[in-house]
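Sequential numbering of the sequence shown, starting at 243, is according to the working numbering. Report on the following structure.
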Amino acid sequence: MEDKTQLGKVELTVEKGLAKISFYHPAHNSLPGKLLAKLANTITEVSAMEAVKVIVLQSEGNRTFCAGASFDELISIKDLETGKAFFMGFANVINACRKSSKLIIGRVQGKAVGGGVGLASACDYCFATKYASVKLSELAIGIGPFVVGPAVERKVGLSAFSQMAINATQWYSAEWAREKGLFTEVFESAELMDEAILKLSFNLSNSSPEAMQELKGICWKGTENWDELLAERAAISGRLVLSDFTVNAINDFKAKA
């Protein structure tokens, strides 16, 4: 049987100061540990490139940006150390975005679930299409959005984050996400969104790198403890993923898929 946790890819293109980091997985762009590590490393590597002025974070496909954690990998976790290590994958991607000296533009063309909402929240400026509804589904499978929580709360505020986290089976529209501050603009189509991304990217590529780096530091003020905070949150998720409740919930979900 094919090991789905080994599938997927992360690709990088750099042209005229614009770096595009694109990820893909056949299971609705879900993210196993291997892809999370590659994503975090690529963001960190690109951030050190002097030729790069701005980064676009995107996924392949049409209607799903990211389905979050890989259920195939979650169900294979058998001990606390492995569980924490997996959720540290999301922590490392968020912290790579936070620490990057470059401004990161998010391109969310479709639905974002759990960790996918966390990725969008870790971007400095996020575009979306009207198809980009969002959901924090973790509580429904017994985990809770602990690792992505700080990033999401930073963007939408405690009230909206609590609403999403508690009502974990509810989809929230792209327009709702725009109103709460997760998305900056919502477009009727991916084509219109890409035009706006290209325009903003061009403007940023002609801006002062030093000024943009200083601005980014101001925008992320108050997150200096996230290395420790997200590691603590990963340990919570790593413990809960071992529970009978979570194992049964994931198996039920996979059986219905």
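Even glycine gets a Cβ: it sits at the ideal position worked out from N, Cα and C.
- With respect to the C-alpha of Y414, the residue from P392, A432, D436 and Y373 having the closest C-alpha is Y373.
- At least 9 Å separates the beta-carbon of Q300 from that of P274.
- Inclusion of G480 and K276 in the CB contact set at 9 Å is not warranted, their separation being larger than that value.
- Closest in C-alpha terms to F495, from the list T286, G352 and S312, comes S312.
- Note on geometry: alpha-carbon atoms of A293 and E257 lie some 9 Å from one another.
- Non-local beta-carbon contacts of L345 in its own chain, meaning distances under 8 Å to residues more than five positions away in sequence, involve V296, I297, D366, Y367, L446, M454, L457 and K458 in chain order.
- Look at G348 here: in three-state DSSP terms it is strand.
- Only residues of its own chain outside the window of five on either side were considered, and among them I336, G360, S363 and A364 have a CB closer than 7 Å to the CB of A393, listed in chain order.
- DSSP places L471 inside the alpha helix (DSSP H), whose first and last residues are W468 to L482.
- By the Cβ neighbour-count rule, C461 is exposed, with fewer than 16 other Cβ atoms within 10 Å of its own.
- Judged by DSSP secondary structure, V355 falls within the beta strand (DSSP E) whose first and last residues are K353 to V355.
- Nearest to Q405 by C-alpha distance, out of K377, A416, G423 and V389, is K377.
- Our two residues, F487 and G384, have alpha carbons roughly 6 Å apart in a direct line.
- Only exposed fits N490, as fewer than 16 other CB atoms lie within 10 angstroms of its CB.
- Looking only at G399, R340, A477 and A269, the smallest Cα-Cα distance to V389 is reached by A477.
- In this chain, T371 is not harboured by any alpha helix (DSSP H); it is covered by the beta strand (DSSP E) spanning Y367 to T371.
- Burial state of K262 is buried, judged by a 10 Å Cβ sphere holding 16 or more other Cβ atoms.
- A residue is called buried when at least 16 other Cβ atoms come within 10 angstroms of its Cβ; G358 meets this threshold and is buried.
- Contact between A309 and N271 is confirmed by a C-beta separation of about 6 Å, below the 8 Å threshold.
- Straight across, the Cα-Cα distance linking L440 with L322 is about 43 Å.
- Across the structure, A370 and F307 are spaced so that their CA atoms are roughly 10 Å apart.
- Between P451 and S375, the gap from beta carbon to beta carbon reaches 9 Å or more.
- Here P387 is buried. Its C-beta has 16 or more other C-beta atoms within 10 Å.
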